[in-house]
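> Same order as they appear, the protein sequences are chains C and D.
When we follow the numbering used here, the leftmost residue of the first sequence carries the number 2, and every step to the right adds one.
When we follow the numbering used here, the leftmost residue of the second sequence carries the number 2, and every step to the right adds one.
Every residue, glycine too, gets a C-beta built ideally from N, C-alpha and C.
This structure is a prediction, so every number in the text was calculated from the model and none was measured.
Protein chains: 2
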Amino acid sequence: PDMASIAGAKERNGQLTKPPGALGRLEDLAIWYAGWRDTDRPQITAPQVIVFAGNHGVCAQGVSAFPPEVTVQMVANFEHGGAAINQLAKAFGAKMDVHALDLEMPTQDFTVAPAMSEAEVVLALSTGWNAVDPASDVLVVGEMGIGNTTSAAAVAAAVLGGSAQDWTGRGTGVDDDGLARKTDVVARGLARHDTSDPLEALRCLGGRELAAMAGAIAAARTHRIPVILDGFICSAAAATLEKAVEGALDHAVAGHLSAEGAHAKLLDALGKQPILSLGLRLGEGSGGALAIGVLQAAVACHSGMATFAEAGVAAG
Amino acid sequence: PDMASIAGAKERNGQLTKPPGALGRLEDLAIWYAGWRDTDRPQITAPQVIVFAGNHGVCAQGVSAFPPEVTVQMVANFEHGGAAINQLAKAFGAKMDVHALDLEMPTQDFTVAPAMSEAEVVLALSTGWNAVDPASDVLVVGEMGIGNTTSAAAVAAAVLGGSAQDWTGRGTGVDDDGLARKTDVVARGLARHDTSDPLEALRCLGGRELAAMAGAIAAARTHRIPVILDGFICSAAAATLEKAVEGALDHAVAGHLSAEGAHAKLLDALGKQPILSLGLRLGEGSGGALAIGVLQAAVACHSGMATFAEAGVAAG
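1) Quick check on the burial criterion: 16 or more other C-beta atoms within 10 angstroms. Buried or exposed for histidine 81 of chain C?
2) In whole angstroms, what separates the C-alpha of arginine 225 of chain D from that of arginine 38 of chain D?
3) Enumerate in chain order the residues of its own chain whose CB-to-CB distance from aspartate 110 of chain C is below 7 angstroms, with the five nearest sequence positions on each side excluded.
4) Between alanine 239 of chain D and the rest of its own chain, which residues show a CB-CB distance below 6 angstroms, the 5 nearest in sequence each way excluded?
5) Where does threonine 46 of chain D fall in DSSP's three states?
6) Between the C-alpha atoms of valine 156 of chain C and serine 259 of chain C, what's the straight-line distance to the nearest angstrom?
7) Among C:Ile51, C:Leu104, C:Ala310 and C:Ala92, which residue has its Cα nearest to the Cα of glutamine 74 of chain C?
8) Using the rule of at least 16 other Cβ atoms within 10 Å of the residue's Cβ for burial, across every protein chain shown, is glutamine 297 of chain D buried or exposed?
9) Exposed or buried, what is glutamate 119 of chain D when buried is set at 16 or more other beta-carbons lying within 10 Å of its beta-carbon?
10) Apart from the five residues on each side of it in sequence, which residues of its chain come closer than 7 angstroms, Cβ to Cβ, to glycine 190 of chain D?
11) So, phenylalanine 233 of chain D versus alanine 310 of chain D, is the Cβ gap smaller than 9 angstroms?
12) Check for me: the alpha helix (DSSP H) holding lysine 11 of chain C runs from which residue to which?
13) Excluding sequence positions up to five away, which residues of its chain have a Cβ less than 6 angstroms from the Cβ of serine 6 of chain D?
14) Whose CA, out of C:Val123, C:Asp138 and C:Ala116, lies closest to the CA of isoleucine 293 of chain C?
15) Measure the alpha-carbon distance for glycine 172 of chain D versus leucine 271 of chain C and round it to whole angstroms.
16) What are the start and end residues of the beta strand (DSSP E) that includes histidine 100 of chain D?
17) Glycine 148 of chain D to alanine 54 of chain D, Cα distance in whole Å?
18) Straight-line CA distance for tryptophan 33 of chain C to methionine 4 of chain C?
19) Which residue wins for smallest C-alpha separation from arginine 282 of chain D, given the options D:Arg193, D:Thr46, D:Gly170 and D:Ala245?
20) Does the separation of the CB atoms of alanine 212 of chain C and glycine 129 of chain C fall below 9 angstroms?
21) What separation, rounded to the nearest whole angstrom, lies between the Cα atoms of alanine 90 of chain D and serine 197 of chain D?
22) Tell me the residue span of the alpha helix (DSSP H) that contains methionine 214 of chain D.
23) Does threonine 173 of chain C get closer than 9 angstroms to chain D when you measure Cβ to Cβ?
24) Taking its Cβ as the centre, do 16 or more other Cβ atoms sit within 10 Å of glutamate 341 of chain D, making it buried, or is it exposed?
25) Quick one, which of C:Asn78, C:Arg209 and C:Thr150 has its alpha-carbon nearest methionine 106 of chain C's?
26) For methionine 106 of chain C, which beta-bridge partners are listed by DSSP?
27) Looking only at DSSP bridge pairs, what is alanine 237 of chain D linked to?
28) May I ask which residues mark the beginning and end of the alpha helix (DSSP H) holding glycine 36 of chain C?
29) Which one of D:Gly280, D:Pro275 and D:Gln88 has the shortest CA to CA distance from glycine 280 of chain C?
30) Would DSSP call isoleucine 293 of chain D helix, strand or coil?
31) Classify alanine 315 of chain C as buried or exposed, calling it buried when 16 or more other Cβ atoms lie within 10 Å of its own Cβ.
32) Give me the residue from D:Ala301, D:Ala312 and D:Ala307 with the minimum Cα distance to threonine 46 of chain D.
33) Which value, in whole angstroms, describes the spacing of the CA atoms of leucine 124 of chain D and glycine 9 of chain D?
34) Enumerate in chain order the residues of its own chain whose CB-to-CB distance from alanine 255 of chain D is below 6 angstroms, with the five nearest sequence positions on each side excluded.
35) Nearest-angstrom Cα distance between arginine 222 of chain D and aspartate 29 of chain D?
36) With valine 122 of chain D and arginine 204 of chain D assumed to form a contact (beta carbons below 8 angstroms), what rounded beta-carbon distance in angstroms separates them?
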């Protein structure tokens with residue numbers, strides 16, 4: 002971030018017509034945002050939401066409550082404006098793009114082979130990278146991919162350590178048997194692909210949409226576009242960047258705490274405090290998109306409020 | 002609420018293209034909202050934010066970090082669009098009204114006399130009642146009044162029980178000595194006006210802006226306008242209604258948990274879970290207004306999403 006913009010934003014924040022600290026987290030968010038936008042008085046006018054979709058060979062192991070064809074059906078739903086993320090993007094004035102990544106060619110089942118070849122993971126990363134509009138001023142990346150909480154749990158365990166049990170949750174809603182099956186699948190994947198290298202973990206255990214999210218978050222950094230992370234899968238993809246380069250997520254905040262069991266642990270590992278905690282566990286970027294409203298409000302207060310001097314108010 | 006609309010909204014919610022429960026609290030909010038709007042597929046198009054301002058005789062006891070003239074200065078700031086609440090109302094498309102209630106005539110210092118006469122409290126209640134636009138579809142009421150966390154603490158203690166210490170906090174930011182002084186002032190007020198009657202507590206210990214907030218929240222009920230409560234002061238004013246008639250706040254949700262010490266205890270007493278918890282402690286309706294965005298998003302998802310049948314998505 003730009004330290005001069007942060008210093009300028011802090012100084013401005015101290016002069017606004019409110020008791021010091023009275024806007025709580027909104028003040029921190031506005032100052033953080035200012036630092037990445039190189040101005041002490043930023044605006045948000047062009048949020049972008051990108052949804053990446055991928056299919057997972059590991060679905061053959063019975064890890065999801067939904068059949069894999071739901072991925073392509075939901076992509077059609079995104080394109081026709083019928084999903085939750087469409088309503089949320091519209092509510093907060095974000096443009097929304099959808100990228101379906103080779104849905105007809107699922108990744109390999111990671112219990113038997115690496116999920117992707119090197120060429121495949123690089124293609125997915127670059128699709129994500131190129132999906133970011135450099136003119137955006139805040140980015141949310143989301144995903145759709147039946148089976149991808151299994152993949153995300155495996156990636157998180159590989160790069161952050163811990164057991165399959167620590168990271169595996171109920172996803173879209175598997176029962177106790179399903180959870181035991183998922184956990185076993187993740188454990189087998191970790192045993193087969195024994196790596197903590199972030200790119201290798203993405204390739205062997207991840208999925209195209211996870212790689213694309215990582216690529217997009219990295220691209221946003223080069224464009225100085227602040228990112229709002231969504232839930233468990235987005236955070237697992239993001240964790241590969243932080244593991245690769247410490248501080249790689251300094252331009253990102255956690256939009257929400259998801260109801261997916263291990264998300265709190267994942268945010269702890271990333272050192273991120275969620276903005277919202279409303280029990281969402283949908284993916285699609287929904288929790289991140291919901292937090293756009295809070296960030297817009299924070300920046301609107303910071304840049305729109307009068308100072309004590311401008312308003313002729315006694316500063317206490 | 003209208004039980005048929007609630008039943009219809011629940012049925013619709015179960016058919017939307019998402020795993021059951023995956024939108025968490027947003028689903029509950031949309032169904033609650035539908036029940037008060039008498040339709041299973043509501044819209045939010047006309048939020049209203051009303052800020053009531055009052056002055057407090059108890060300021061003579063040195064209970065605030067700010068001088069009492071800040072109340073009228075902040076009213077001018079609201080009217081010129083320079084306060085936090087102006088930016089928040091604008092961010093979420095709410096119209097905002099400001100009512101200054103006899104600022105040149107502060108209430109009486111409640112340590113020596115009732116804050117208001119009967120005529121005065123009734124006038125304030127009716128000002129609040131009449132301030133509500135019947136065409137609004139969600140209401141946030143906020144306040145400005147140097148000294149009013151002291152008044153709110155006294156009202157909360159009177160109607161909900163407990164000691165002055167239980168309910169007195171730092172407000173806009175008093176130090177330890179200030180907090181001790183405030184607590185003593187609240188205790189003396191409670192000793193002088195020994196009542197748990199809600200209207201009498203508002204009259205003797207409250208303020209014009211607290212009474213106006215109570216009046217507006219009650220009026221919203223008659224117009225079937227759902228209310229988002231703001232922080233400690235708004236919640237204390239609202240508590241008088243709940244104490245008068247159990248269930249009187251069923252049309253209200255708690256917008257946020259404020260950083261004012263006793264707000265959590267107050268929300269517990271009202272049985273309300275806050276939507277947001279971002280450390281705000283500004284008043285003005287700011288936390289309630291911020292939650293408008295979440296409610297809008299909840300209703301937009303509920304009413305805008307496609308069903309599984311409409312989208313041709315397998316329901317798992």
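On the basis of the data shown:
1) exposed
2) 6 angstroms
3) Gly58, Val59, Ala61 and Gln62
4) Ile218, Leu230 and Leu250
5) coil
6) 18 angstroms
7) C:Leu104
8) buried
9) exposed
10) Phe111, Thr112, Ala155 and Leu206
11) no
12) 4 to 16
13) Ala35, Gly36, Asp39, Thr40 and Asp41
14) C:Asp138
15) 33 angstroms
16) 96 to 101
17) 11 angstroms
18) 10 angstroms
19) D:Gly170
20) yes
21) 35 angstroms
22) 209 to 223
23) yes
24) In this structure chain D extends from 2 to 317, so residue 341 of chain D is not present and cannot be described.
25) C:Arg209
26) In the DSSP output, where bridge partners are listed per residue, methionine 106 of chain C has none listed.
27) Alanine 237 of chain D pairs with nothing; no bridge assigned.
28) 26 to 38
29) D:Pro275
30) helix
31) exposed
32) D:Ala301
33) 40 angstroms
34) Leu230, Leu268, Lys273 and Pro275
35) 19 angstroms
36) 4 angstroms
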